[in-house]
Amino acid sequence: MAFLFVLLISLLGVSVSSSSSHEEAIPISITSARRNLLNNGLGRTPQMGWNSYNHFPCKLSDQLIRQTGMVIKLYDFSSFTADAMVSTGLAALGYEYINLGKFFWDDCWAELNRDSKGNLVPNATIFPSGMKTLADYVHSKGLKIGIYADAGTLTCDKRMPGSLGYEEHDANTFASWGIDYLKYDNCHNNGLTPQERGQENPATWAASIGNSWRTTGDIKDTWKSMTSRADENDVWASYAGPGGWNDPDMLEVGNGGMSTEEYRSHFSIWALAKAPLIIGCDIRSMDSDTFQLLSNKEVIAVNQDKLGVQGKKVNKNGDLEVWAGPLSGKRVAVVLWNRGESNATITADWKDIGLKPSTVVDARDLWKHSTTASIQDQLKAGVDAHACKMYILTPHN
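Taking mature numbering (1 follows the signal peptide of the UniProt record, and there is no 0), I'd label the letters of the sequence shown as residues -19 to -1, 1 to 378.
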């Protein structure tokens, strides 16, 4: 039996996939509030991939998806050829899903009307070879493909039919095409309210039906939007874990609205928070700074750590914040985040990040790729404005 990976969007809010000057301290906890976890064996770590939504508003094409698949598979600054076997491929780092997203893929991939048999019909101009042929091509690159649908009568932008009344029919259609990942929205539902769960706060109920769920509104490529999404997502930290993840929306890294250091903060916090790492820029033309951010193996490893505990904000002193979370092997991931307008020193005390005061650790800087040995009691560093530093602390035996 094939399984589909599902992401739920609020108001329904789910995804599914297949095979101030005052100080505030918040203790780390590995207790999960989730119940009835979806048992499809998928999403044991947060999903990674690419989505068209942020960069390509209704500019989808068969050629773009094929080119994106090639670039994700094999990234080479001088060539986009599929056989350019380079060691820095994004796919090798875990980015495996090619997802067709809203306004580009979400609402643009199908015709407005179903065929005589009630089937969704791919837009023949955008996908002249059909969806199965495209899915087969993506699969031939060792990647997976995702699609968008809606639980109402129409998708959000009213460009294609929703699945209301056609749920099983459309699921069978997606399976016949070889779709691996479903992003499921809830626009135009004619006032029909889910009878058992409700529409808001999907983190509290979605684990039994999806592998991830949106916890925020749509992200924008701005510092204000990104930081607010991080805070909104942090509220639901206890609901995430292997098999089901909180999703504060896609990565804006590389889209041009923030500085490199702001994007570094974005990627670091998403990784620590075990958010899905879904790239939202045009990877066919990304610059070296963008690639270096998205391809940091040590930061990705925090996101993909098998313990699967979402890191969270554990201390706040005005605009200076400490985020932290436990990792496998009794390690701790820490982000020192300066959300202010001037450089500052940020301190993470052991009591705030779940370590005993006597614990001696080695601190690995994940962006400088350097290690400071034998630190005790606290971790302290100068951090530039709108920037962060990220570490893994490994206790001595």
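Ideal Cβ placement from N, Cα and C applies to all residues, glycine included.
I think Pro257 touches Trp226, with their Cβ atoms under 8 Å apart; what is that distance to the nearest whole Å? With 8 Å as the limit, Pro257 and Trp226 qualify as a contact, their Cβ atoms being about 6 Å apart.
If the criterion is Cβ atoms closer than 7 Å, does the pair Asn80 and Tyr162 meet it? A contact, by the Cβ cut-off of 7 Å.
What number of angstroms, rounded off, separates the C-alpha of His367 from the C-alpha of Ala325? Between the alpha carbons of His367 and Ala325 lies a distance of about 10 Å.
Do you know how far the Cα of Asn319 is from the Cα of Phe248? Those two C-alpha atoms are separated by around 14 Å.
With which residues is Thr241 paired in a DSSP beta bridge? Answer is none; Thr241 lacks a bridge partner.
Can you tell me whether Glu302 is buried or exposed, with buried defined as 16 or more other CB within 10 angstroms of its CB? Counting Cβ neighbours within 10 Å, Glu302 comes out buried, since at least 16 surround it.
Buried or exposed for His377, going by 16 or more other Cβ atoms inside 10 Å? The residue is exposed, with fewer than 16 neighbouring Cβ atoms inside 10 Å.
For Ile107, does the three-state DSSP call read helix, strand or coil? Of the three classes helix, strand and coil, the one that applies to Ile107 here is coil, per DSSP.
Presumed contact (8 Å Cβ cut-off) between Met207 and Met231, rounded CB distance: The C-beta distance from Met207 to Met231 rounds to 11 Å, too long to fall under 8 Å, and the pair is not in contact.
Run the CB neighbour count on Gln28, radius 10 Å, all protein chains shown included, and call it buried at 16 or more, exposed below. Looking at its Cβ environment, which holds 16 or more other Cβ atoms inside 10 Å, Gln28 is buried.
Using a Cβ-Cβ cutoff of less than 6 Å, which residues in the same chain neighbour Leu127 once the five nearest sequence positions on both sides are dropped? The amino acid at residue 127 is misidentified as Leu; the sequence shows Gly. Here the set comprises Tyr78, Asn80 and Tyr162.
In angstroms with no decimal places, state the Cα-to-Cα distance between Gln273 and Thr185. Those two C-alpha atoms are separated by around 35 Å.
Cβ neighbours of Ser351 in the same chain (closer than 8 Å, five flanking residues each side left out): Only Arg345 meet the Cβ criterion.
To the nearest angstrom, how far is it from the Cα of Leu360 to the Cα of Ala354? Approximately 12 Å, taken between the alpha carbons.
Residues in its own chain within less than 8 Å of Arg245 by CB, not counting five upstream and five downstream? The answer, listed in chain order, is Leu274, Trp348, Ala368 and Cys369.
How close, in whole Å, do the beta carbons of Trp304 and Lys311 come, if the pair is a contact with beta carbons under 8 Å? Not really, about 19 Å apart at Cβ, beyond 8 Å.
Note down the Cα distance separating Asp64 from Ser209, rounded to an integer number of angstroms. In this predicted model, Asp64 has a pLDDT of only 25, less than 50, meaning its place in the structure is not dependable enough to derive any value.
Note down the Cα distance separating Ala152 from Ala362, rounded to an integer number of angstroms. About 51 Å.
Would you report the Cα separation of Met371 and Arg195, rounded to the nearest angstrom? Their backbone Cα atoms lie some 25 Å apart in a straight line.
Let me check understanding here. Comparing Cα to Cα, which of Asp131, Thr154, Asn182 and Ser157 lies closest to Asn167? That would be Asp131, whose Cα lies nearest to the Cα of Asn167.
Return yes when the Cβ of Gly146 is within less than 7 Å of the Cβ of Leu135, no when it is not. Judged by beta-carbon spacing, Gly146 lies beyond the 7 Å limit of Leu135, meaning their Cβ atoms are not closer than that value.
Taking the alpha carbon of Gly235 as the reference point, which residue from Cys262, Ser97 and Thr328 has its own alpha carbon closest? The shortest Cα separation from Gly235 among Cys262, Ser97 and Thr328 belongs to Cys262.
Determine whether the beta carbon atoms of Leu253 and Ala314 lie at a separation below 7 Å. Yes, Cβ-Cβ distance for Leu253 and Ala314 is below 7 Å.
Closest by C-alpha distance to Val341, when choosing among Asp333, Asp330, Thr328 and Asp358: The shortest C-alpha to C-alpha distance from Val341 to any of Asp333, Asp330, Thr328 and Asp358 is the one to Asp358.
Ser351 by DSSP, collapsed to three states: which one? In the three-state reduction of the DSSP assignment, Ser351 falls in the strand class.
Chain-order list of residues whose beta-carbon lies under 6 Å from that of Thr203 (same chain, five-residue window excluded): Answer for Thr203: Gly238, listed in chain order.
Is the beta carbon of Glu181 closer than 7 Å to that of Thr197? No, the Cβ-Cβ distance between Thr197 and Glu181 is not below 7 Å.
Please state whether DSSP places Ala132 in a helix, a strand or coil. In the displayed model, Ala132 falls within coil according to three-state DSSP, outside both helix and strand.
Rounded to whole angstroms, how far is the Cβ of Val364 from the Cβ of Ile334, which I believe are closer than 8 Å? Not quite, the Cβ-Cβ distance comes to about 16 Å (not below 8 Å), so this is no contact.
Looking at Leu336: is its Cβ nearer than 7 Å to the Cβ of Leu308? Result no, Cβ atoms of Leu336 and Leu308 do not sit closer than 7 Å.
Length of the line joining the Cα atoms of Glu243 and Asn192: Rounded to the nearest whole angstrom, the CA to CA distance from Glu243 to Asn192 is 28 Å.
Taking the alpha-carbon of Asp228 as reference, which of Asp286, Thr241 and Trp251 has the nearest alpha-carbon? That would be Trp251, whose Cα lies nearest to the Cα of Asp228.
How many whole angstroms separate the CB atoms of Tyr118 and Ile260, which I take to be in contact at a CB cut-off of 8 Å? Ile260 and Tyr118 do not touch by the CB rule: their CB atoms are close to 19 Å apart, not below 8 Å.
Measuring only the C-alpha atoms, how far is Leu19 from Lys164? CA-CA distance, Leu19 to Lys164, rounds to 16 Å.
N- and C-terminal bounds of the beta strand (DSSP E) containing Ser371: The residue you asked about is not Ser; residue 371 is Met in the sequence shown. That run of the beta strand (DSSP E) goes Ala368 to Pro376.
How is Ala218 classed by DSSP in three states: helix, strand or coil? If DSSP states are grouped into helix, strand and coil, Ala218 belongs with the helices.
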